[in-house]
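Everything on this sheet refers to the single structure shown next.
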Amino acid sequence: MSAVRLDGKACAASLEERLKHRISNCKNQPHLAVIIVGDDPASHVYVRNKILSCERLGIKSTHIQLPDETGQEEVQKIILELNEDSTLHGILIQSPLPSHLDEGSLTDLIDPRKDVDGFHPVNLGRIVQGRLDGMIPCTPSGVMEMLRWANIELEGKKAVVIGRSFNVGMPQALLLAAKGADSTVTIVHSRTLDAKSECLSADIVIAAVGRPEMVRKDWIKPGAVVIDVGINRVEDSTRDRGWRLAGDVHPDVSDVASIVSPVPGGVGPMTVAMLMANTVSSAESQHS
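First residue of the sequence shown: 428, per my numbering; consecutive thereafter.
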């Protein structure tokens, strides 16, 4: 048995085609602003991917590049100005920020209607209430879109989410348990007594813990669906660059699972696509 590869690039392309129709019907061109502080190389790659997606879809993008030493008050001032800009529909603060900046308090300043990352307490709180009409964090919503796109049955299934972060693990668990998805959800974390046995009982395993190749095939029951959210750099002397990308799921899981999302090319493209979807939704709601 070899698992079917759940192609995030193809799923993202399908979503983008639907977004193009919605964008053409928007009264105003959707507009996304990305704030990036410092020179983290990975952050610049992510921002570039977002800019390219905007160009491909016809979404206006504003890139606000700030030096590493930028202070908290200056970033706060920029966010408040962007909140007041009626032509702007989405505000994103690219992580990670320099250590002297308080990312949580900066996120709290963003107008929840423009919080296209979905990290504002108002938007996270809506998910707890079972309301999916706000901005939903892009990675967990991207996972849900992939599952729907692949026609994976969720109702009544046991799902295990590995990781309890506020931006992926916890909202992922809530989305899986919400009405319409109706899975029975267990969250596995660093204090779980027997993570392996929890995963072995699951029909769906979503790994979002940031530990390279932690989930092995003896953790997965035959035929389970496995979604790998992790993306980690690991040393690899066989590569010219000295490293490779690895997910939280070991490749040998494909020997027992029915469907596995790859790294790269799985959840990553969907995270960017859902950011675009949130921006379009914001434009639609603000000008309705």
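Think of the CB as a built atom: it goes at the ideal place given N, C-alpha and C, for glycine as much as any other residue.
Item, Value
"In chain order, what are the residue ranges of uninterrupted beta strand (DSSP E) at least 3 long that sit wholly in the region 508-553?", "517-520"
"Which same chain residues end up closer than 8 Å to E711 when comparing Cβ atoms and leaving out the 5 residues on each side of it in sequence?", "R449 and C453"
"Exposed or buried, which one is F546 when buried takes at least 16 other CB atoms within 10 Å?", "buried"
"Name the DSSP beta bridge partners of N452, please?", "Paired residues: none, contrary to the question."
"By DSSP, does H471 sit in helix, in strand, or in coil?", "helix"
"Cα separation between Q599 and V543?", "16 Å"
"Note down the Cα distance separating A605 from V690, rounded to an integer number of angstroms.", "27 Å"
"What's the C-alpha gap between V661 and L672?", "6 Å"
"Who are the Cβ neighbours of P696 in its own chain at under 7 Å, not counting the five residues just before and after it?", "G435, K436 and A439"
"Taking C-beta to C-beta, are V461 and I486 nearer than 8 Å?", "no"
"DSSP beta-bridge partners for A586?", "V612 and I631"
"Could you tell me the distance, in whole angstroms, from the CA atom of A430 to the CA atom of I506?", "45 Å"
"Just reading off the alpha helix (DSSP H) that N705 is part of, what are its end residues?", "V694 to Q713"
"Inspect the beta-carbon positions of I654 and S688 and report whether they are closer than 8 Å.", "yes"
"Taking the DSSP output, what are the residues bridged to I491?", "I462"
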